[in-house]
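Peer 1: Mind looking over this structure? Questions follow.
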Amino acid sequence: MNKAPVIAIDGPSGSGKGSVARLVAEELGFALLDSGALYRVLGIAVLRHGVDLEDHAAVAELARTLDVEFGKSGEDSVALEGEDVTLAIRTDAGSDMASRVGGIPAARTALLERQLAFRQPPGLVADGRDMGTVVFPDAEVKIFLTAAVEERAKRRYKQLIGKGIGAILPDLLRDLKERDERDSLRAISPLKPAEDATVLDTTDLDLAAVVARVLELVTAQLPTLDT
Numbered sequence: 000m001n002k003a004p005v006i007a008i009d010g011p012s013g014s015g016k017g018s019v020a021r022l023v024a025e026e027l028g029f030a031l032l033d034s035g036a037l038y039r040v041l042g043i044a045v046l047r048h049g050v051d052l053e054d055h056a057a058v059a060e061l062a063r064t065l066d067v068e069f070g071k072s073g074e075d076s077v078a079l080e081g082e083d084v085t086l087a088i089r090t091d092a093g094s095d096m097a098s099r100v101g102g103i104p105a106a107r108t109a110l111l112e113r114q115l116a117f118r119q120p121p122g123l124v125a126d127g128r129d130m131g132t133v134v135f136p137d138a139e140v141k142i143f144l145t146a147a148v149e150e151r152a153k154r155r156y157k158q159l160i161g162k163g164i165g166a167i168l169p170d171l172l173r174d175l176k177e178r179d180e181r182d183s184l185r186a187i188s189p190l191k192p193a194e195d196a197t198v199l200d201t202t203d204l205d206l207a208a209v210v211a212r213v214l215e216l217v218t219a220q221l222p223t224l225d226t
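Note that numbering that gives the first Met the number 0 has the sequence shown beginning at 0, numbered continuously upward.
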């Protein structure tokens, strides 16, 4: 039986991949996997349970038993152990912890099965940092979104302020640079485009333009789809 098609959208924080993936999934009627949310929830769980990040076995066990629900009280909502953590996982602490637990091989392995389960008909749009390289290397469409770090910091700032979360632009810029380096240099699943991915720089593009370009690529690579 043929597997459901996958559109993998990877890229660093602030590149727009989350918003683009959601709109593309809505347009196509596909399921959506926000892999970053899984790592953010795990990071928050590590903090709340007082798990030592150096204890990789304990972090992996927490990942395997993670009590998480998506869309419990709204389209973008996330619940951890029955508590709404939608805003908590989008804070700077949530971003930082996601990057840190993401560098633990055993944790990534523990979350892999959860991510693969999202692949259901009629198809899946998966966004993250290693969707096209590790999780879905056989994805029919692979796109890597990027943008200048200064622009990504501005986007992140606007996003946080819009959600009522306090933010300081210079701090965000510093944190993004540190996370980019950590994610790109980690030994397992480093942040990089798949060899067969289309790299799209979104620095000077608005959201609508990026979504339109992605849908063009999908149409070209999955011609049987009616977009």
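Built from N, CA and C at the ideal position, the CB exists for glycine as well.
Can you give me the C-alpha to C-alpha distance between Ala166 and Glu215, rounded to a whole angstrom?
Peer 2: 35 Å
Peer 1: Starting from the Cα of Asp33, find the closest Cα among Gly101, Ala87, Ala59 and Ala125 and give me that residue.
Peer 2: Ala125
Peer 1: So, using beta-carbon positions, are Ala116 and Tyr38 closer together than 8 Å?
Peer 2: no
Peer 1: Using only alpha-carbon positions, find the residue among Glu53, Arg151, Asp66 and Arg89 that is nearest to Pro104.
Peer 2: Glu53
Peer 1: The beta strand (DSSP E) with Leu199 in it runs from where to where?
Peer 2: From DSSP, the beta strand (DSSP E) with Leu199 extends over Thr197 to Asp200.
Peer 1: Under the rule that 16 or more other beta-carbon atoms within 10 Å means buried, what is Leu199, buried or exposed?
Peer 2: Buried, because 16 or more other Cβ atoms sit within 10 Å of the Cβ of Leu199.
Peer 1: Is Asp75 helix, strand or coil when you go by DSSP?
Peer 2: coil
Peer 1: How is the beta strand (DSSP E) around Glu68 delimited, first residue to last?
Peer 2: Val67 to Phe69
Peer 1: In whole angstroms, what separates the C-alpha of Glu60 from that of Ala44?
Peer 2: 11 Å
Peer 1: Which residue from Asp51, Ile187, Asp179 and Ile6 puts its Cα closest to that of Ala146?
Peer 2: Asp179
Peer 1: To test your reading of the DSSP string, which unbroken alpha helix (DSSP H) runs of 4 or more residues are found completely within the region 157 to 209?
Peer 2: 168 to 184
Peer 1: Grab the span of the alpha helix (DSSP H) containing Ala253 for me, first residue to last.
Peer 2: As displayed, the chain neither begins before 0 nor continues past 226, which places residue 253 out of reach and without an answer.
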